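Colleague:
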Amino acid sequence: MLILLLVLVFLVSAYAGKLRRAKREGDAAGNGTRQETGQGGRETRQEGYEAETGQIPGQTSAREQAQEQTSTQEQTQTQTQEQAQEQAQEQAQEQAQEQAQTQTKGTIVLDAGHGGIDPGVSGSSGVAERELNLAIAEKLEALLCAEGYRVVQTRSTEAGLYDEGQTHKKAQDMQRRCAIIEKEQPLVTISIHQNSYPDSAVSGPQVFYYANSAQGERLASCIQSCMNRGLAVEDPKPHKGNESYYILKRSAGTAVIVECGFLTNPEEEAKLQDDAYQDQVAATIRDGILEYFGETPSEST
Ligand SMILES: [Zn+2]
């Protein structure tokens with residue numbers, strides 16, 4: 005009996021020990037699982053964080069700043085492009101307006117008299133009228149262009165408007181001048197000449213118009229008075245009607261002949277060759293033309 009009890013006690017204690025070992029192993033195994041899970045969880049959260057933002061926290065603001073800067077640069081570039089486009093549009097509009105104004109002011113034909121084999125009159129110094137006519141016509145062209153007119157010259161060189169092989173050079177020259185006026189249909193035609201007279205004491209400008217033209221008479225009156233006043237002419241002449249001058253008779257529209265002065269007067273001949281006096285002559289003719297159109301010069305000369 006005692007032996008049986010001892011065996012029983014041994015078995016029970018042996019079983020109990022087994023249970024305790026089993027329990028310890030179980031605890032140990034449980035702790036390990038929690039640690040692994042915990043680490044894995046942290047790793048997962050980190051991975052998840054990176055996946056959501058695509059950035060690590062410390063770099064986020066720098067990238068955003070870079071993006072913002074890029075965005076600002078793009079906006080600035082866009083604004084600059086828009087400003088440039090607006091400026092270009094404004095410039096184009098201004099140019100169009102200027103062109104429109106120039107077009108609306110219209111064409112003036114300037115006719116430098118004579119040329120080529122036809123020298124016109126000449127003075128005691130030997131200067132030929134054709135040279136002075138062209139010099140003053142070119143100065144007048146510049147002044148009228150500055151006022152917004154389109155200017156067409158019948159000649160721009162010392163040559164005449166005739167063909168070299170032509171028998172009737174003077175007739176062809178005059179016909180071609182009238183053909184230019186006919187083609188251009190100008191507001192007015194101003195033919196520039198120098199005068200001559202047997203009495204060398206005679207001087208001063210004189211403007212001729214076609215006797216039957218009221219507009220021609222008015223244009224001549226405006227130019228005559230501006231020249232008399234502007235050039236301080238001592239013995240002023242009146243503007244004068246004429247029925248025989250070819251350019252007045254045959255040209256379409258309103259035309260006048262401006263005889264700037266007398267090459268047969270030595271004093272006036274000298275002045276007419278002076279560059280500054282030529283400027284004054286051109287300016288006073290311009291003033292007369294502008295007065296005829298009801299305008300005043302944009303710059304005083
Ligand atoms: Zn002449």
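Note that my numbering numbers the sequence shown so that position 18 is 22, with each residue one more than the last. Glycine included, each C-beta is placed from N, C-alpha and C at the ideal position. Since this is a predicted model, take the numbers as computed values, not measurements.
Can the beta-carbon of ASN246 be found closer than 7 Å to that of PRO240?
Modeller: Their beta carbons are not under 7 Å apart, which means ASN246 does not touch PRO240 by this criterion.
Colleague: For GLN170, name the three-state secondary structure that DSSP assigns.
Modeller: Residue state, collapsed to three classes: coil.
Colleague: By DSSP's criteria, LYS244 is part of a beta bridge. Which residues make up the other side?
Modeller: Looking at the DSSP assignment, LYS244 forms a beta bridge with PHE212.
Colleague: Helix, strand or coil for GLU263? Go by DSSP, reduced to three states.
Modeller: Reduced to three states, the DSSP call for GLU263 is strand.
Colleague: Tell me, which residues are paired with GLY152 by DSSP?
Modeller: GLY152 pairs with nothing; no bridge assigned.
Colleague: May I ask you to report which of helix, strand or coil DSSP gives GLY124?
Modeller: In this structure, GLY124 counts as coil in the three-state DSSP scheme.
Colleague: Quick one: does the C-beta of GLY124 sit closer than 6 Å to a heavy atom of ligand 1?
Modeller: Yes, Cβ of GLY124 sits closer than 6 Å to a heavy atom of ligand 1.
Colleague: From which residue to which residue does the beta strand (DSSP E) around ALA256 run?
Modeller: No beta strand (DSSP E) holds ALA256; DSSP gives it neither H nor E.
Colleague: Which first and last residues belong to the beta strand (DSSP E) in which VAL113 is found?
Modeller: Looking at the DSSP string, the run of the beta strand (DSSP E) that includes VAL113 is 111–116.
Colleague: Rounding to the nearest angstrom, what Cα-Cα distance links ALA146 and THR84 in this structure?
Modeller: Distance between the alpha carbons of ALA146 and THR84: 39 Å.
Colleague: Taking only the alpha-carbon atoms, compute the straight-line gap between VAL260 and ASN137 and give it to the nearest angstrom.
Modeller: Whole-angstrom Cα-Cα distance: 14 Å.
Colleague: In its own chain, which residues sit with a C-beta less than 8 Å from the C-beta of SER302, not counting the 5 before and 5 after it?
Modeller: So the list reads ALA150 and GLU151, once near-sequence residues are dropped.
Colleague: Tell me, to the nearest whole angstrom, how far the beta carbon of GLU162 is from that of ARG134; I am working on the premise that it is less than 8 Å.
Modeller: Yes, GLU162 and ARG134 are in contact; Cβ-Cβ is about 6 Å, under 8 Å.
Colleague: ARG159 and ALA116 look like a contact to me (Cβ under 8 Å); what is the Cβ gap, rounded to whole Å?
Modeller: Going by Cβ atoms, the distance from ARG159 to ALA116 rounds to 6 Å, so yes, they are a contact pair.
Colleague: Write down the C-beta distance between HIS197 and GLU263 rounded to the nearest angstrom, noting that I regard them as a contact closer than 8 Å.
Modeller: HIS197 to GLU263, Cβ: 5 Å. Contact.
Colleague: Contact between the region 281–297 and the region 223–231 is defined here as three or more beta-carbon pairs at a separation below 8 Å; is this criterion met?
Modeller: The answer is yes - the region 223–231 touches the region 281–297, with three or more Cβ pairs under 8 Å.
Colleague: Using DSSP with H/G/I as helix, E/B as strand and the rest coil, what is SER207?
Modeller: SER207 falls in the coil class under three-state DSSP.
Colleague: Once the 5 residues before and after TYR296 are set aside, which same chain residues still bring their CB inside 8 Å of it?
Modeller: Same-chain partners within the cutoff: VAL192, ARG222, LEU223, CYS226 and ILE227.
Colleague: Sort GLY208, LEU235 and ILE184 by Cα distance to ILE251 and report the nearest one.
Modeller: The candidate whose alpha carbon is nearest that of ILE251 is ILE184.
Colleague: Closer than 7 Å by C-beta to SER200: which residues in its own chain qualify, once you throw out the five before and the five after it? Chain order, please.
Modeller: Once the five neighbours on either side are set aside, the close Cβ partners of SER200 are VAL125, PHE266, LEU267 and THR268.
Colleague: Taking only the alpha-carbon atoms, compute the straight-line gap between ILE140 and ALA96 and give it to the nearest angstrom.
Modeller: Distance between the alpha carbons of ILE140 and ALA96: 34 Å.
Colleague: So the candidates are ASP203, ILE194 and GLN176; which of them puts its Cα closest to the Cα of GLU142?
Modeller: For GLU142, the nearest C-alpha among the options comes from ILE194.
Colleague: Can you tell which of GLY257, THR111, LEU235 and GLN219 has the C-alpha that lies nearest to the C-alpha of GLN210?
Modeller: Nearest of GLY257, THR111, LEU235 and GLN219 to GLN210, Cα basis: LEU235.
Colleague: When you compare only the Cα positions, how much space is there between ALA205 and GLU238?
Modeller: The straight-line gap from Cα to Cα measures roughly 12 Å.
Colleague: Would GLY169 pass as a contact of ASP122 if the rule is Cβ separation under 7 Å?
Modeller: Going by C-beta atoms, GLY169 is not nearer than 7 Å to ASP122.
Colleague: Under the criterion of a Cβ to heavy atom distance below 6 Å, does HIS197 qualify as lining ligand 1?
Modeller: At least one heavy atom of ligand 1 is nearer than 6 Å to the Cβ of HIS197, so yes.
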